[in-house]
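Here's the structure we're looking at; comments come further down.
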Amino acid sequence: MGHSLLQDDLGTFTIIPNQFLSQSGNFSDHAFRLFVLLRYHTDNQSEVAFPSYKRIQSMTGWSTKTVAKAVKELMAAGWLNRKRRFNDSNVYRLQKPAQSFPTESPQYFPTESTSTFPRKAPVLSEGKTNKTNINTKNSHSSGSKNPHYDYFAQRYEEKYKYPYVNKQADFVRYNSWKKADSGRSSNADFERAVLNYLASPLGQHTFADLVTRFAVFRLSPLDSCLLYTSDAAD
């Protein structure tokens, strides 16, 4: 089976495919972040991204060797095609690996089999629910010990009117983000990211997708990233 470009299936808005998230444990953090970065930089008309190594390094703080290693990792897995241009920036096309995958709709709700965490009935606080600070002692709808996750779950339930069910990659991605963030982001930063994310016209809203996007938001102004799909080469 031939390759299918992600831009054909997912369109303008930067959606991280469920297939890629489900395989995230097989990738290094550098490869995962590079995939997300290239999704944001993919031009909707040409369906390619062409940030130079210098541009990628300036946004990530990585060395040339680290960038090259992440590129090769995505290429080896079949998610990336690269065209070298020695006098200009390389051209990158994101694609699905050449194997049979179920057709993905931009809007999806993973089945129970995709979650490795037990489902819990929502734990709702009594009385008024207008307290939004993630430091509150009351548990949010997930009832977990992770205040960031609880805040997201409560805002999700308020938006969709049903409890959020955790996904396979949620805490894997969160732990990677938390390690990379090293406490630089405040609770207010995270709350703002959650509200912006849930207000965005994306086809899926998951905790894993949120923290993945949050890492990219740290590389550029937060409120402008949701619609940022291309960038000129250096």
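Per this note's numbering, the sequence shown starts with residue 11, numbered consecutively. Ideal Cβ positions, reconstructed from N, Cα and C, are used throughout, including at glycine. Quantities reported herein were computed from a predicted structural model and do not represent experimental measurements.
- Sequence-distant Cβ neighbours of residue 77 in its own chain, meaning closer than 7 Å and more than five residues away, are 63, 66 and 67.
- For residue 175, the three-state secondary structure derived from DSSP is coil.
- Excluding sequence positions up to five before and after residue 224, its CB lies within less than 7 Å of the CB of 187 and 203, all in the same chain and listed in chain order.
- Residue 82 and residue 101 have their C-alpha atoms spaced approximately 14 Å apart.
- For residue 38, the closest C-alpha among the options 96, 86 and 195 is that of 86.
- Remark: C-beta atoms of residue 155 and residue 216 do not approach each other more closely than 7 Å.
- With a threshold of 16 other beta carbon atoms within 10 Å, residue 197 falls short and is exposed.
- Boundaries of the alpha helix (DSSP H) around residue 183: 180-191.
- Ranked by Cα distance from residue 33, the first of 53, 49, 59 and 107 is 107.
- Closest in C-alpha terms to residue 200, from the list 170, 181, 167 and 162, comes 162.
- Residue state for residue 101 is assigned as strand, using DSSP reduced to three classes.
- DSSP places residue 92 in the strand class (E or B) of the three-state scheme.
- In the assembly as shown, residue 183 is a buried residue. Its beta-carbon has 16 or more other beta-carbons within 10 Å.
- Residue 48 is a Cβ neighbour of residue 104, given a cutoff of 7 Å.
- Ranked by Cα distance from residue 88, the first of 54, 50, 36 and 52 is 36.
- According to the DSSP assignment, residue 60 belongs to no alpha helix (DSSP H), since it is labelled neither H nor E.
- Taking all protein chains shown into account, residue 207 has 16 or more neighbouring C-beta atoms within 10 Å of its C-beta and is therefore buried.
- In the displayed model, residue 194 falls within coil according to three-state DSSP, outside both helix and strand.
- Exclusion of the five residues before and after residue 222 leaves 26, 46 and 183 as the residues of its chain whose Cβ lies within less than 7 Å of its Cβ.
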